[in-house]
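The opening position of the sequence shown corresponds to residue 1 in the working numbering, with each subsequent residue numbered one higher. For each residue, glycine too, the CB sits at the ideal point set by N, CA and C. Bear in mind that the values here come from a model prediction, so they are computed numbers and not experimental data. The structure under discussion appears below in the form of structure tokens.
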Amino acid sequence: MCLERQFDTIINSIYNGVIVIDREGIITVFNSRAGQILGVSPPDALGRHIRDVIPDSELYKILEGSCCEVNKKEKIGDAIVVVNWTPIVDGGETIGAISVFQDITELENIAEELERVKELKNTLEDVIENPYEGIIVVDKEGIVTMINET
1 MCLERQFDTI
11 INSIYNGVIV
21 IDREGIITVF
31 NSRAGQILGV
41 SPPDALGRHI
51 RDVIPDSELY
61 KILEGSCCEV
71 NKKEKIGDAI
81 VVVNWTPIVD
91 GGETIGAISV
101 FQDITELENI
111 AEELERVKEL
121 KNTLEDVIEN
131 PYEGIIVVDK
141 EGIVTMINET
């Protein structure tokens, strides 16, 4: 397998989105997962300026400052992603930047649902601690799961 084909196979096998830009901000690598997350086909992104493909992208700033951004949470379209940006340095000179990002939309939705469940649990506990009525809660096997002081 030639090196270029091997590189493409590896990049497109990565679960995370991967975008690489050169020093002018032109996209040189755009894997299939990036395309799925962003809703852009890789052939449509390659060779274009990063701002033409992702207008709000700050990846271009990495070229100017040569510093990393790690675990930055962003909303891109309908997706919530965690992004890592790193400059690509050769011989002390920044020649590009790489963005590696993971869609965490589902995790965010689960976290929000968990927060709602916690709020409901707190409300239920407040109701059960009503000082005027004795309340007992049992599960389907008849085991006591909650009981108030009264």
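Residue 30 versus residue 111 - alpha carbon distance = 29 Å
Following the continuous beta strand (DSSP E) through residue 122, name the residue where it begins and the one where it ends.
-> Note, residue 122: premise wrong, no beta strand (DSSP E); alpha helix (DSSP H) at 105 to 128.
Quick one: measure Cβ to Cβ for residue 33 and residue 16, integer angstroms, because I've assumed they're closer than 8 Å.
-> Confirmed, about 6 Å.
Just checking my contact of residue 72 with residue 83 at CB under 8 Å: how many whole Å lie between their CB atoms?
-> 5 Å
Counting Cβ pairs, one atom from each stretch, are 3 or more of them under 8 Å apart for the stretch 6 to 25 and the stretch 37 to 55?
-> yes
As assigned by DSSP and simplified to three states, the class of residue 96 = In the structure shown, residue 96 falls within a strand segment according to DSSP collapsed to helix, strand and coil.
For residue 77, is the classification buried or exposed, using 16 other Cβ atoms within 10 angstroms of its Cβ as the cut-off for buried?
-> exposed
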